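K.L.:
Right, I'll just put the structure down here and ask away after.
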Amino acid sequence: MDWDKLRVFHAVAEAGSFTHAGETLNLSQSAVSRQISALEESLNVPLFHRHARGLILTEQGELLFRTARDVFGKLAMTEALLAESRESPQGPLKITTTVAFGSLWLTPRVREFIELFPDIQLSLILDDGELDLAMRQADIAIRMMPPRQPELIQRHLVSMHYHLYASPEYLERCGAPQTVDDLDTHALVVYGEDARLPVPNINWLLDIGRPTGEPRKPILRINSVYGIYRAVQSGLGIAALPDYLSRDADNLVEVLPDLRGPSFDAYFVYPEELRHSKRIAVFRDFLVRKIQEGGGH
372 MDWDKLRVFH AVAEAGSFTH AGETLNLSQS AVSRQISALE ESLNVPLFHR HARGLILTEQ
432 GELLFRTARD VFGKLAMTEA LLAESRESPQ GPLKITTTVA FGSLWLTPRV REFIELFPDI
492 QLSLILDDGE LDLAMRQADI AIRMMPPRQP ELIQRHLVSM HYHLYASPEY LERCGAPQTV
552 DDLDTHALVV YGEDARLPVP NINWLLDIGR PTGEPRKPIL RINSVYGIYR AVQSGLGIAA
612 LPDYLSRDAD NLVEVLPDLR GPSFDAYFVY PEELRHSKRI AVFRDFLVRK IQEGGGH
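Numbering-wise (this note's numbering), the sequence shown opens with residue 372 and increments by one.
Given below as C-alpha cells:
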C-alpha cells in the first residue's frame, strides 16, 4: 500500500468529505478524489459509498480506517518521542487521580513542577473512576489500588494508612476521645456504601472496640474522601482520613494517634508505549521526590 495514498485515505475518512480532507492536506478536491480512486483500484475494493450528503465508509473501508488510525496514531506518538529525545521535556501531559488526592495533595505541589518544566502542558483529571490509559484518556494515573489492565506499567509509590481526625472547633465543643470506647459518644462521619475506596473495611471506625453486630451509628455518610474531609473541617465530627492529608490539613487534629486504620498502596501507572517518554520520567521523579520529602505521609 502506498503511504501517501493511505495518508489521504485517513484524512478523508476522518473528515467525511474530499473537500474538507483537501483543506487539511492542502490538496485540491480532484487530487484527493484521484488518490482515493487509485487506492481503491490497487486494492480492488470500494472504500467509500459516495452520497450527495458526503462519504460513508464501506465495510472494507472501516477495516482499513481502523488500521490506518492505529498506524498514524503510533507514528504521531513516535514522532513526539523522537522530538523529546532531542530536546528538553515538552508537550502535553495528562494526569488522572482521585478527587481527594488530586485536590488536597497533588494540586498544591504542581506549581513547582510547572516552574521546573515550563514546556510541559500539564492537565489534571480528577475522577474517582478509572480512566482508560490504553485508550489514551490520560497519560499517567496515580491510583490507590493496582491497575487491572495487564498492558500498563506500574510503580509502587507509597503505602498509606487511615487515621482519625477532627477539627479544633469540634474538639473544643465535644472534647477529645481518650480511648476507643469514647468514640461511642462522638459524632462520626463515615463512607457511603457506594464509595470507590481501596480498602474493604473502610468503616472500621464504626466497629472497632464494639461487640460483633453492634456498630456505632454515624451522624453522616458520604461517598467521597474529599466530602468527608470538608465535613470534618466544618466541625461536624470525627472521621477516618488517609494520612496523605496530615501534611496539608493543618486545620485538622489527629484523634487517638496510636489508633491506625487499614492501609493501602498508591501506584504510578502509564501505558507501555510511553515507557521512554521524558515527560513521564520527569513527572515520576518529581512525584517520588515530593513523597520522600514527607508529603505523602
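Quick reminder that beta carbons are idealized off the backbone N, C-alpha and C, glycines included.
Computed from a predicted model, the values in this text were never measured in an experiment.
What does DSSP give as the partner residue(s) for I662 in the beta ladder?
P.N.:
The residue given as residue 662 occupies position 291 in the sequence shown. According to DSSP, which records beta bridges pairwise, I662 is partnered with nothing at all.
K.L.:
Whole angstroms are fine: how far does the CA of G387 sit from the CA of L645?
P.N.:
Position 274 of the sequence shown holds residue 645. Position 16 of the sequence shown holds residue 387. Distance between the alpha carbons of L645 and G387 is about 31 Å.
K.L.:
Starting from A512, trace the alpha helix (DSSP H) in both directions and tell me its first and last residue.
P.N.:
Taking the first residue of the sequence shown as position 1, residue 512 is located at position 141. Here A512 belongs to no alpha helix (DSSP H); instead the beta strand (DSSP E) covers 511-514.
K.L.:
With H, G and I counted as helix, E and B as strand and the rest as coil, what does DSSP make of F484?
P.N.:
The residue given as residue 484 occupies position 113 in the sequence shown. Helix, per DSSP.
K.L.:
Are the beta-carbon atoms belonging to V603 and G580 less than 7 Å from one another?
P.N.:
For the purposes of this step, residue 603 is taken as the residue at position 232 of the sequence shown. For the purposes of this step, residue 580 is taken as the residue at position 209 of the sequence shown. Cβ distance not < 7 Å, so V603 and G580 don't count as in contact.
K.L.:
What's the gap between the Cα of Y615 and the Cα of L446?
P.N.:
Looking up residue 615 in the sequence shown gives position 244. Looking up residue 446 in the sequence shown gives position 75. Cα to Cα, the separation comes out at about 39 Å.
K.L.:
Counting pairs of Cβ atoms below 8 Å between the region 647-663 and the region 483-492, do you hit three or more?
P.N.:
The region 647-663 vs the region 483-492: in contact.
K.L.:
What's the call for G584, buried or exposed, on a 16-neighbour Cβ count within 10 Å?
P.N.:
For the purposes of this step, residue 584 is taken as residue 213 along the sequence shown, with counting starting at 1. It is exposed - the Cβ of G584 has fewer than 16 other Cβ atoms within 10 Å.
K.L.:
Is it buried or exposed for D375, if we count other Cβ within 10 angstroms and need 16 for buried?
P.N.:
Position 4 of the sequence shown holds residue 375. Exposed, since its Cβ has fewer than 16 Cβ neighbours within 10 Å.
K.L.:
What ranges does the alpha helix (DSSP H) occupy inside the region 574-630, keeping only unbroken runs of at least 4 residues that lie completely in it?
P.N.:
Entirely contained in the region 574-630, the alpha helix (DSSP H) runs reaching 4 residues are, in chain order, 575-578, 596-604.
K.L.:
Expressed to the nearest angstrom, what Euclidean distance is found between the alpha-carbon atoms of K661 and L426?
P.N.:
For this step, residue 661 is matched to residue 290 along the sequence shown. For this step, residue 426 is matched to residue 55 along the sequence shown. Spanning the two alpha carbons is a distance of roughly 52 Å.
K.L.:
Answer yes or no: do I599 and V624 have a C-beta to C-beta separation smaller than 7 Å?
P.N.:
Within the sequence shown, the letter at position 228 stands for residue 599. Within the sequence shown, the letter at position 253 stands for residue 624. Their beta carbons are not under 7 Å apart, which means I599 does not touch V624 by this criterion.
K.L.:
Quick check: the Cα distance between Y670 and S474, rounded to an integer number of angstroms?
P.N.:
The first residue shown for the chain is 372 and the last is 668, placing residue 670 beyond what the model contains.
K.L.:
Count the other CB atoms, across all protein chains shown, that sit within 10 Å of the CB of A611; report buried if there are 16 or more and exposed otherwise.
P.N.:
Along the sequence shown, one-based indexing puts residue 611 at 240. Its Cβ being crowded by 16 or more others within 10 Å, A611 is buried.
K.L.:
Could you have a look at H647 and say whether DSSP puts it in helix, strand or coil?
P.N.:
Taking the sequence shown and counting its residues from 1, the one referred to as residue 647 is at position 276. Of the three classes helix, strand and coil, the one that applies to H647 here is coil, per DSSP.
K.L.:
Would you check if the distance between the CB atom of R601 and the CB atom of I491 is smaller than 7 Å?
P.N.:
Here residue 601 refers to the residue found at position 230 when the sequence shown is read from its first residue. Here residue 491 refers to the residue found at position 120 when the sequence shown is read from its first residue. In this structure, I491 does not lie closer than 7 Å to R601 by Cβ.
K.L.:
Which class does T449 belong to by DSSP, given the choice of helix, strand or coil?
P.N.:
Stepping through the sequence shown from its first residue, residue 449 is reached at position 78. Three-state DSSP puts T449 in a helix.
K.L.:
From the DSSP secondary-structure annotation, give me the bridge partner or partners of Y641.
P.N.:
Walking along the sequence shown from the start, residue 641 turns up at place 270. Answer is I524, bridged to Y641.
K.L.:
Suppose contacts are defined by Cβ-Cβ distances below 7 Å. Is P628 in contact with V570 by that definition?
P.N.:
In the sequence shown, the residue the question calls residue 628 occupies position 257. In the sequence shown, the residue the question calls residue 570 occupies position 199. Not closer than 7 Å, so no.
K.L.:
By DSSP, does S494 sit in helix, in strand, or in coil?
P.N.:
Reading the sequence shown from its first residue, position 123 is the one you call residue 494. The answer is strand: DSSP assigns S494 an E or B state.
K.L.:
Mapping the DSSP letters down to three states, classify S408 as helix, strand or coil.
P.N.:
Position 37 of the sequence shown, counted from the first residue, corresponds to residue 408. Of the three classes helix, strand and coil, the one that applies to S408 here is helix, per DSSP.
K.L.:
Given this structure, state the Cα-to-Cα distance separating G666 from Y597, to the nearest angstrom.
P.N.:
The residue labelled residue 666 in the question sits at position 295 within the sequence shown. The residue labelled residue 597 in the question sits at position 226 within the sequence shown. In this predicted model, G666 has a pLDDT of only 44, less than 50, meaning its place in the structure is not dependable; the value taken from the coordinates is given anyway. Going by the C-alpha atoms only, they are around 18 Å apart.
K.L.:
Using a threshold of 7 Å, state whether the C-beta atoms of H557 and I609 are closer than that.
P.N.:
The residue labelled residue 557 in the question sits at position 186 within the sequence shown. The residue labelled residue 609 in the question sits at position 238 within the sequence shown. Yes, the Cβ-Cβ distance between H557 and I609 is below 7 Å.
K.L.:
Can you tell me whether DSSP reads D553 as helix, strand or coil?
P.N.:
If you number the sequence shown from 1, residue 553 lands on position 182. DSSP places D553 in helix when its eight states are reduced to three.
K.L.:
How many whole angstroms separate the CB atoms of R526 and Y638, which I take to be in contact at a CB cut-off of 8 Å?
P.N.:
On the sequence shown, residue 526 is found 155 positions in, with the first residue counted as 1. On the sequence shown, residue 638 is found 267 positions in, with the first residue counted as 1. That belief holds up - the Cβ atoms of R526 and Y638 are roughly 7 Å apart, short of 8 Å.
K.L.:
Would you check whether the ligand GTP has a heavy atom nearer than 6 Å to the C-beta of A409?
P.N.:
Although the ligand GTP was asked about, the structure shown includes no ligands whatsoever.
K.L.:
Out of Y541, W476, D553, point me to the one whose CA is closest to L607's CA.
P.N.:
As a position in the sequence shown, residue 607 is number 236, starting the count at 1. Per the Cα distances, Y541.
K.L.:
Going by DSSP, what residues sit across from T469 in a beta bridge?
P.N.:
Your numbering for residue 469 matches position 98 in the sequence shown. Looking at the DSSP assignment, T469 forms no beta bridge with any residue, so it has no partner.
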